[in-house]
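Going by my numbering, the first residue of the sequence shown is number 12, and it counts up by one from there. The next block holds one structure in the form of structure tokens; read it before the comments.
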Amino acid sequence: MNKITNHLPTAELQALDAAHHMHPFTSDGALAKKGVRVITSGQGVWLTDSEGSRIIDGMAGLWCVNVGYGRGELADAAARQMRELSYYNTFFMTTHVPAIALAAKLAELAPGDLNHVFFASSGSEANDTNIRLVRRYWDIKGQPERRVIIARKNGYHGSTMGGGSLGGMPYIHAAGGKIDGIEHIGQPHWWAEGGEMTPEDFGLLRARELEEKILEVGADKVAAFIGEPIQGAGGVIVPPSTYWPEIQRICDKYGILLIVDEVITGFGRTGNWFACETFGIKPHIITIAKGLSSGYQPIGGSIVCDEVAHVIGNADDDFNHGYTYSGHPVASAVALENLRIIEEDGIIDHVRDVAHPYLAEKWHKLGDHPMVGQTSLVGLMGSLQLTPNKATRAKFAAKPGTIGFRTREHCFRNNLIMRHVYDRMIISPPLVITTEEIDVLIDRATRSLDAAYAEVRAEGLFTEA
């Protein structure tokens with residue numbers, strides 16, 4: 012076989028991809044019908060494909076390229092570490108400097124007494140770790156029956172068997188089932204499910220489902236509650252202001268461990284290092300990944316509070332869990348350099364003081380579009396709810412996701428990456444996006460909404476369910 016490079020014709024690359032590459036969350040039939048877009052390079056917030064098109068990435072890859080593409084410092088950090096120590100494990104009473112340094116830095120950055128880190132290679136793996144951590148914690152405490160973890164419908168915590176079971180997405184559960192001991196309660200999605208209630212009352216209602224579920228299962232059987240501060244893959248659903256304080260109260264009342272999944276929201280996305288600071292949440296465990304290395308290396312982890320870490324660490328028996336690449340030296344070195352860039356370049360200040368205020372003004376104006384019923388934005392994480400009737404918050408008569416998919420396709424044609432979740436359009440751009448680039452994003456989003464609106468009206472799809 013000839014060497015495969017960026018210089019091969021797009022059709023040849025697509026044919027090789029179709030012949031050998033199995034894509035995540037994708038139907039091969041859909042790929043064969045349409046053909047994949049081949050991305051060849053990236054710089055800042057921009058991507059270039061094999062046809063030479065320049066694309067603004069409104070999703071930071073998969074929510075992860077916080078410092079933008081093409082950072083030579085991260086490539087240099089990887090190369091240095093590969094030359095010095097390309098790999099060693101952290102099993103068998105062994106460690107290495109990159110893992111030590113990264114764990115110490117994360118303990119410095121994390122709020123409260125979250126001073127301990129168990130490394131993984133992804134958020135999915137980290138949430139699998141969390142299942143074992145909380146069950147082992149209660150076992151050591153003499154309460155082995157406390158195994159149930161409560162999560163939320165339409166939450167996302169990864170696609171491994173453990174992470175996928177914690178998540179509340181039926182299509183993932185249908186792909187092989189789920190593990191036992193996981194319960195789900197309703198999500199705080201006021202637009203879709205709040206009816207005539209105020210957002211504040213609805214937030215309390217949904218939070219109190221946690222207490223109802225605890226009492227249903229038995230407080231002596233519940234180990235933990237897990238939730239994303241903002242539901243990401245569920246549609247960038249920002250909870251009502253009353254939601255997280257009530258969740259915190261209930262967890263504290265029943266002595267339930269609180270796991271906050273910050274795989275998407277961590278490392279500056281909401282204008283703070285962690286979204287639990289943005290929302291005033293005090294977790295026992297934070298799940299991290301994605302922005303930890305800005306996607307330059309696969310690394311994730313669980314940041315664990317003193318109480319949980321000390322109970323597990325001081326037990327007579329080992330914590331029998333871990334991964335070949337836990338705290339991989341190259342991934343750790345790159346993550347550490349990534350955190351240095353975020354800190355020294357003032358990227359979180361840029362999000363909070365420059366990019367968010369500028370984007371917010373323009374993003375919320377999209378609410379004037381005839382197809383947009385709600386605009387949501389926290390930091391640099393936003394959503395647009397599409398609807399045929401703003402006043403009644405109606406759903407489209409077409410199959411859910413049809414209008415969102417049409418809009419996404421127009422975004423792609425306009426060289427903007429903006430995802431859809433059913434009929435919600437979502438963005439999460441690199442944190443380094445400038446005001447000029449925000450103007451480009453908004454212009455392309457507006458043109459895409461206009462094109463989709465004209466198309467669905469012409470086809471008679473702009474009707475209520």
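Built from N, CA and C at the ideal position, the CB exists for glycine as well. These numbers come from a predicted model, not from an experiment.
Compare the C-beta of residue i with all C-beta atoms of chain C and state if any pair is closer than 8 Å.
{"i": "Pro240", "result": "You won't find chain C in this structure, because it holds only one protein chain."}
Kindly indicate which three-state DSSP category residue i falls into: helix, strand or coil?
{"i": "Tyr80", "result": "strand"}
{"i": "Gln54", "result": "strand"}
{"i": "Ile477", "result": "No information on residue 477 is available, as it lies outside the stretch 12 to 476 that the chain covers here."}
{"i": "Gly312", "result": "strand"}
{"i": "Ile444", "result": "coil"}
{"i": "Thr457", "result": "helix"}
{"i": "Thr59", "result": "strand"}
{"i": "Gln154", "result": "coil"}
{"i": "Glu207", "result": "coil"}
{"i": "Glu475", "result": "strand"}
{"i": "Leu452", "result": "helix"}
{"i": "Ala408", "result": "coil"}
Run the CB neighbour count on residue i, radius 10 Å, all protein chains shown included, and call it buried at 16 or more, exposed below.
{"i": "Thr446", "result": "exposed"}
{"i": "Leu391", "result": "buried"}
{"i": "Ala508", "result": "As shown, the chain starts at 12 and ends at 476. That puts residue 508 outside it, with no answer to give."}
{"i": "Ser97", "result": "exposed"}
{"i": "Met436", "result": "buried"}
{"i": "Thr276", "result": "buried"}
{"i": "Phe103", "result": "exposed"}
{"i": "Ala30", "result": "exposed"}
{"i": "Thr106", "result": "exposed"}
{"i": "Pro240", "result": "buried"}
{"i": "Lys301", "result": "buried"}
{"i": "Asp39", "result": "exposed"}
{"i": "Asp139", "result": "buried"}
{"i": "Glu220", "result": "buried"}
{"i": "His127", "result": "buried"}
{"i": "Ala344", "result": "buried"}
{"i": "Arg65", "result": "exposed"}
{"i": "Glu68", "result": "Residue identity check: residue 68 is Asp in the sequence provided, not Glu. By the neighbour-count rule (16 or more Cβ atoms within 10 Å), Asp68 is buried."}
{"i": "Ala465", "result": "exposed"}
{"i": "Ala185", "result": "exposed"}
I'd like the span of the alpha helix (DSSP H) that includes residue i, first residue to last.
{"i": "Ile190", "result": "Counting along the chain, Ile190 falls outside any alpha helix (DSSP H), and DSSP gives it neither H nor E."}
{"i": "Ala218", "result": "210-228"}
{"i": "Gly174", "result": "172-177"}
{"i": "Ala234", "result": "Note, Ala234: premise wrong, no alpha helix (DSSP H); beta strand (DSSP E) at 233-238."}
{"i": "Arg351", "result": "340-355"}
{"i": "Val319", "result": "317-324"}
{"i": "Asp39", "result": "39-45"}
{"i": "Phe423", "result": "413-424"}
What does the alpha-carbon distance come out to for the pair residue i and residue j?
{"i": "Gly282", "j": "Ala26", "result": "42 Å"}
{"i": "Pro340", "j": "Gly333", "result": "15 Å"}
{"i": "Ala326", "j": "Glu318", "result": "12 Å"}
{"i": "Gly291", "j": "His321", "result": "24 Å"}
{"i": "Phe480", "j": "Arg455", "result": "Nothing can be reported for residue 480: it is not among the residues displayed for the chain, which extend from 12 to 476."}
{"i": "Gly306", "j": "Cys75", "result": "5 Å"}
{"i": "Leu177", "j": "Arg217", "result": "18 Å"}
{"i": "Glu62", "j": "Thr21", "result": "7 Å"}
{"i": "Ala469", "j": "Lys373", "result": "27 Å"}
{"i": "Gly312", "j": "Ile444", "result": "26 Å"}
{"i": "Glu227", "j": "Glu475", "result": "37 Å"}
{"i": "Gly471", "j": "Asp60", "result": "34 Å"}
{"i": "Ile270", "j": "His375", "result": "31 Å"}
{"i": "Gln259", "j": "Ile353", "result": "29 Å"}
{"i": "Ile314", "j": "Arg82", "result": "26 Å"}
{"i": "Glu273", "j": "Ala244", "result": "12 Å"}
{"i": "His195", "j": "Arg158", "result": "14 Å"}
{"i": "Gly188", "j": "His361", "result": "43 Å"}
{"i": "Ser52", "j": "Pro411", "result": "34 Å"}
{"i": "Ala90", "j": "Asp28", "result": "28 Å"}
{"i": "Pro440", "j": "Leu19", "result": "29 Å"}
{"i": "Ile267", "j": "Thr386", "result": "33 Å"}
{"i": "Ala88", "j": "Glu95", "result": "11 Å"}
{"i": "Ala346", "j": "His421", "result": "35 Å"}
{"i": "Thr482", "j": "Ser252", "result": "Look at the range of the chain in this structure, 12 to 476, and you will see that residue 482 is not part of it."}
Mind checking which residues open and close the beta strand (DSSP E) that includes residue i?
{"i": "Thr298", "result": "296-299"}
{"i": "Cys75", "result": "Per DSSP, Cys75 belongs to no beta strand (DSSP E) and is neither H nor E."}
{"i": "Gly384", "result": "383-389"}
{"i": "Asn138", "result": "Taken as a continuous stretch (DSSP letters only), Asn138 belongs to no beta strand (DSSP E), being part of the alpha helix (DSSP H) at 134-151."}
{"i": "Gln482", "result": "Residue 482 lies beyond the range of the chain shown here (12 to 476); nothing can be said about it."}
{"i": "Ser394", "result": "392-397"}
{"i": "Ala29", "result": "Looking at the DSSP string, Ala29 is not in any beta strand (DSSP E); the run it does join, the alpha helix (DSSP H), is 21-31."}
Does the stretch 138-146 come close enough to the stretch 292-300 that 3 or more CB-CB pairs lie under 8 Å? yes
With contact counted as at least three CB pairs below 8 Å, one residue from each stretch, are the stretch 201-217 and the stretch 245-259 in contact? yes
Contact between the stretch 150-170 and the stretch 184-200 is defined here as three or more beta-carbon pairs at a separation below 8 Å; is this criterion met? yes
Pair every Cβ in the stretch 368-386 with every Cβ in the stretch 457-470, then say whether three or more of these pairs are closer than 8 Å. yes
Check whether the stretch 405-412 and the stretch 33-46 are in contact - that is, three or more C-beta pairs closer than 8 Å. no
Meets three-Cβ-pair contact criterion under 8 Å: the stretch 343-359 and the stretch 114-132: Taking one beta carbon from each stretch, the stretch 343-359 and the stretch 114-132 have 3 or more pairs nearer than 8 Å; the two touch.
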